[in-house]
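*Asks:* Residue numbers 1 to 386, in UniProt numbering, belong to the letters of the sequence shown in order.
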Amino acid sequence: MTGVTISDNQVRRLAHEVGHELIARRDRKAVEHRRRQLEPRTAVVPVAVVVEVDGGRIRTRAAGAGPGVHEAQNKEDKVACLATLSGPTFATDPCPEPPESFRCPRRVRRLVQQMKGPAGEVAPPETVDESTPPVPAGEPEGAERWSPTRLVRTCVASLEGSTAFGPMMAAEAQERRFYEAPRRAFVADGQAYNWTIWRGYFGAFEPIVDFLHAVCYVFSSAAAVSPDEASGWSQYVAWMRACWQGRVGEVLTELDQWQARLGEPPPGEAATAEERRDPRRVVAHARTYLGNNRDRMAYPRYRRNGLPTTSSLVESLVGEINARVKSTQKHWTRPDGAESILQLRAAVLSQDDRLPRFFAERPGSSFRKRDTLCHKSEGATAQTVA
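#1: To the nearest angstrom, how far is it from the Cα of A286 to the Cα of S234?
#2: Could you pull out every residue in the same chain whose Cβ sits closer than 8 Å to the Cβ of D129, ignoring the five residues on either side in sequence?
#3: When you compare the CB positions of S350 and C155, do they come within less than 7 Å of one another, or not?
#4: What are the complete alpha helix (DSSP H) segments, minimum 4 residues, inside the stretch 179-218?
#5: Just to confirm, is the Cβ distance from P98 to R241 under 7 Å?
#6: Excluding the five sequence neighbours on either side, which residues of its own chain have a C-beta within less than 7 Å of the C-beta of R324, listed in chain order?
#7: Just how far apart, CA to CA, sit G246 and R294?
#8: May I ask which residues mark the beginning and end of the beta strand (DSSP E) holding S350?
#9: Since A214 and M297 are thought to touch, with beta carbons under 8 Å apart, how far apart are those beta carbons, to the nearest angstrom?
#10: Which residues does DSSP pair with T84 in a beta bridge?
#11: If we ignore side chains and look at the alpha-carbon of each, how far apart do A170 and A223 end up?
#12: Once DSSP output is grouped into helix, strand and coil, what is the label at E130?
#13: Does the stretch 183-190 come close enough to the stretch 301-313 to have 3 or more Cβ pairs within less than 8 Å?
#14: Taking R280 and P265 to be in contact with their CB atoms under 8 Å, please state how far apart those CB atoms are, rounded to whole angstroms.
#15: Looking only at its own chain, which residues have a Cβ that is under 6 Å from the Cβ of R196, when we skip the five neighbours before and after it?
#16: Between the alpha carbons of E121 and P363, how many angstroms are there, rounded?
#17: Please say whether P148 and G87 have beta carbons closer to each other than 7 Å?
#18: Do you know offhand how far S158's Cα is from V79's?
#19: Suppose the cutoff is 6 Å on Cβ atoms and the five residues either side in sequence are ignored; what does the same chain contact list for Q10 look like?
#20: When you compare only the Cα positions, how much space is there between Q343 and Y289?
#21: Measuring CA to CA, which of L212, C104, A260 and T253 is closest to W244?
#22: Give the secondary structure of E17 by DSSP, where H, G and I count as helix, E and B as strand, and everything else as coil.
#23: Using a Cβ-Cβ cutoff of less than 8 Å, which residues in the same chain neighbour K326 once the five nearest sequence positions on both sides are dropped?
#24: Assuming contact is defined by CB atoms lying nearer than 7 Å, are W198 and V218 in contact in what I supplied?
#25: For L252 and L151, which I take to be in contact (beta-carbon distance under 8 Å), what is that distance rounded to the nearest angstrom?
#26: From the DSSP output, in three-state form, read off T253 for me.
#27: Tell me which residue opens and which closes the alpha helix (DSSP H) that L290 is part of.
#28: Spell out the partners DSSP gives G268 in its beta bridges.
#29: Excluding sequence positions up to five away, which residues of its chain have a Cβ less than 6 Å from the Cβ of E52?
#30: Since V314 is in the alpha helix (DSSP H), which residue starts that stretch and which ends it?
#31: Can you give the Cα-Cα distance for T89 and P96, rounded to whole angstroms?
#32: Rounded to whole angstroms, what's the CA-CA distance from T92 to R145? Just pull it up for me.
#33: Just to confirm, are S101 and R110 a CB contact at a threshold of 7 Å?
#34: Distance check for C216 and E32, CA to CA, integer angstroms please.
#35: Given this structure, state the Cα-to-Cα distance separating V18 from R28, to the nearest angstrom.
#36: Measuring alpha carbon to alpha carbon, tell me which of S221, R41, S7 and T272 ends up nearest L262.
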């Protein structure tokens with residue numbers, strides 16, 4: 001507009017400069033939260049809240065290695081969505097039968113392929129290795145009958161491990177008065193580090209395992225133990241309905257019987273796709289997943305309390321972050337460049353006033369008044385910073 005040319009390097013430098021300032025502010029708030037010195041930034045206590053956490057992938061390159069991409073690596077970024085919710089509670093389960101989307105073979109197979117890869121190959125059971133599953137689909141069809149409505153979303157994102165990421169999430173929740181809300185939920189998949197964060201910082205929140213992941217495990221198990229596609233689908237529908245209705249123990253009992261009939265899986269990790277599809281492994285993985293998470297799968301109670309049963313909010317947020325930071329051409333300097341760009345993206349996608357407030361308070365901001373450079377007379381009143 002003014003004819004001033006701004007180079008790409010200048011934009012890049014300023015973006016990372018602001019990103020590093022956001023990192024410093026974020027880390028300072030985490031320390032204040034740990035010391036119980038962090039004050040809420042709102043006077044309104046929300047009625048219902050949800051904290052959802054998931055992961056993505058970001059491409060990085062080595063720092064200080066000159067132009068071009070050197071030592072390229074994929075790093076996992078953790079993303080948390082903290083949202084206020086609006087919706088009623090119910091005296092009885094508002095949706096006792098699974099929506100049609102979970103009884104449509106085409107849609108279920110597509111969901112499993114999105115989450116587990118071709119042919120629905122079962123991923124290894126969740127461990128502390130912080131790997132991330134592919135992004136699944138969103139809310140099931142018919143969810144509008146009972147699922148809560150999202151109001152205001154804020155975002156936390158980082159390459160840090162769960163030990164550092166948990167305090168970042170807790171500080172954001174503290175500032176938004178989430179701990180004071182009457183209805184609180186923490187939704188994630190079965191990854192062990194998610195529940196380490198829950199135990200450490202969100203133990204007063206209702207723990208909920210994403211129902212879509214349960215769907216994938218029971219679908220793969222049903223296909224593995226059935227002689228043909230038709231009987232496999234029938235078995236899947238029965239197990240899926242049991243999970244939807246909170247009868248996970250019944251599914252585990254049947255899976256235990258199948259495991260005894262098939263035998264224990266071979267020792268060691270599966271090296272090929274064929275080994276991963278071994279029915280003994282498939283059933284064992286499902287037993288591990290459902291057994292570890294059965295106390296977080298009381299879905300009828302969650303629906304009665306007007307709480308979400310999938311992590312679709314954070315999964316869509318991961319997609320929005322990836323739209324800016326992830327492509328074959330983007331490799332962020334490791335670790336500072338990647339971390340700073342994640343802070344910028346998280347701030348942009350947060351639906352509050354944090355970016356305008358940050359720039360208004362930032363030294364050198366155009367929103368601040370400046371002392372005049374002109375000499376004033378001795379009796380003149382000095383101009384102060386607003």
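Just so you know, even glycine gets a beta-carbon here, dropped at the ideal spot from N, CA and C. Note that the coordinates shown come from a computational prediction; the quantities given were computed from them, not determined experimentally.
*Replies:* Inspection of the coordinates gives the following:
#1: Here residue 286 refers to the residue found at position 286 when the sequence shown is read from its first residue. Here residue 234 refers to the residue found at position 234 when the sequence shown is read from its first residue. For A286 and S234, the distance between alpha carbons rounds to 17 Å.
#2: Stepping through the sequence shown from its first residue, residue 129 is reached at position 129. Per-residue confidence for D129 stands at a pLDDT of 36, beneath the threshold of 50, marking its modelled position as unreliable; the derived number appears in the next sentence. So the list is empty, once near-sequence residues are dropped.
#3: Stepping through the sequence shown from its first residue, residue 350 is reached at position 350. Stepping through the sequence shown from its first residue, residue 155 is reached at position 155. Their beta carbons are under 7 Å apart, which means S350 touches C155 by this criterion.
#4: 192-201
#5: Along the sequence shown, one-based indexing puts residue 98 at 98. Along the sequence shown, one-based indexing puts residue 241 at 241. Yes, these two residues count as a Cβ contact at 7 Å.
#6: Taking the sequence shown and counting its residues from 1, one reaches residue 324 at position 324. Correct list, in chain order: R345.
#7: The residue given as residue 246 occupies position 246 in the sequence shown. The residue given as residue 294 occupies position 294 in the sequence shown. If you take the alpha carbons of G246 and R294, they lie about 9 Å apart.
#8: As a position in the sequence shown, residue 350 is number 350, starting the count at 1. It is not in any beta strand (DSSP E) - S350 carries neither H nor E in the DSSP assignment.
#9: Translated into the one-based positions of the sequence shown, residue 214 becomes position 214. Translated into the one-based positions of the sequence shown, residue 297 becomes position 297. Contact holds; Cβ gap of about 7 Å.
#10: Taking the sequence shown and counting its residues from 1, the one referred to as residue 84 is at position 84. According to DSSP, which records beta bridges pairwise, T84 is partnered with V49.
#11: Here residue 170 corresponds to residue number 170 of the sequence shown, with the count starting at 1. Here residue 223 corresponds to residue number 223 of the sequence shown, with the count starting at 1. Cα-Cα distance, rounded: 41 Å.
#12: In the sequence shown, the residue the question calls residue 130 occupies position 130. Confidence is the limiting factor: at E130 the pLDDT is only 35, short of 50, which leaves the residue's position unreliable and the question unanswerable from this model.
#13: yes
#14: In the sequence shown, counting from the first residue as 1, residue 280 sits at position 280. In the sequence shown, counting from the first residue as 1, residue 265 sits at position 265. About 4 Å separates the two Cβ atoms, so the contact holds.
#15: Position 196 of the sequence shown, counted from the first residue, corresponds to residue 196. The amino acid at residue 196 is misidentified as Arg; the sequence shows Thr. Cβ neighbours of T196 beyond the five flanking positions: S162.
#16: Mapped onto the sequence shown, residue 121 falls at position 121. Mapped onto the sequence shown, residue 363 falls at position 363. Bear in mind that the predicted position of E121 carries a pLDDT of just 46, short of 50, making it unreliable; the figure below should be weighed with that in mind. Between E121 and P363, the C-alpha separation is close to 53 Å.
#17: Taking the first residue of the sequence shown as 1, we reach residue 87 at position 87. Taking the first residue of the sequence shown as 1, we reach residue 148 at position 148. Cβ distance < 7 Å, so G87 and P148 count as in contact.
#18: Counted from its first residue, the sequence shown places residue 158 at position 158. Counted from its first residue, the sequence shown places residue 79 at position 79. C-alpha separation (whole angstroms): 7 Å.
#19: Translated into the one-based positions of the sequence shown, residue 10 becomes position 10. Excluding sequence neighbours, Q10 sits near nothing in its chain.
#20: Within the sequence shown, the letter at position 343 stands for residue 343. Within the sequence shown, the letter at position 289 stands for residue 289. Spanning the two alpha carbons is a distance of roughly 33 Å.
#21: Translated into positions along the sequence shown, residue 244 becomes position 244. That would be L212, whose Cα lies nearest to the Cα of W244.
#22: Counting from one through the sequence shown, the residue named residue 17 turns up at place 17. Helix.
#23: Stepping through the sequence shown from its first residue, residue 326 is reached at position 326. Excluding sequence neighbours, K326 sits near G56, R57, I58 and R59.
#24: Along the sequence shown, read from residue 1 onward, the residue named residue 198 stands at position 198. Along the sequence shown, read from residue 1 onward, the residue named residue 218 stands at position 218. Taking 7 Å as the Cβ cut-off, W198 and V218 do not qualify as a contacting pair.
#25: Position 252 of the sequence shown, counted from the start, is the residue given in the question as residue 252. Position 151 of the sequence shown, counted from the start, is the residue given in the question as residue 151. No, L252 and L151 are not in contact; Cβ-Cβ is about 37 Å, not under 8 Å.
#26: The residue you call residue 253 lines up with position 253 of the sequence shown. Note: T253 maps to helix in three-state DSSP.
#27: Within the sequence shown, the letter at position 290 stands for residue 290. For L290, the uninterrupted alpha helix (DSSP H) segment begins and ends at P279 to N293.
#28: Position 268 of the sequence shown, counting from 1, holds the residue named residue 268. Looking at the DSSP assignment, G268 forms no beta bridge with any residue, so it has no partner.
#29: For the purposes of this step, residue 52 is taken as residue 52 along the sequence shown, with counting starting at 1. Answer for E52: C81, V187, S311, L313 and V314, listed in chain order.
#30: Residue 314 sits at position 314 when you count from the first residue of the sequence shown. Counting along the chain, the alpha helix (DSSP H) containing V314 begins and ends at S312 to V325.
#31: As a working note, residue 89 is residue 89 in the sequence shown. As a working note, residue 96 is residue 96 in the sequence shown. C-alpha separation (whole angstroms): 15 Å.
#32: If you number the sequence shown from 1, residue 92 lands on position 92. If you number the sequence shown from 1, residue 145 lands on position 145. Cα to Cα, T92 sits roughly 13 Å from R145.
#33: In the sequence shown, counting from the first residue as 1, residue 101 sits at position 101. In the sequence shown, counting from the first residue as 1, residue 110 sits at position 110. Not a contact, by the Cβ cut-off of 7 Å.
#34: By 1-based counting over the sequence shown, the position of residue 32 is 32. By 1-based counting over the sequence shown, the position of residue 216 is 216. Each residue's alpha carbon lies about 41 Å from the other.
#35: For the purposes of this step, residue 18 is taken as residue 18 along the sequence shown, with counting starting at 1. For the purposes of this step, residue 28 is taken as residue 28 along the sequence shown, with counting starting at 1. When rounded, the separation of the alpha-carbon atoms in V18 and R28 is 15 Å.
#36: For this step, residue 262 is matched to residue 262 along the sequence shown. Minimum Cα distance to L262 is reached at S221.
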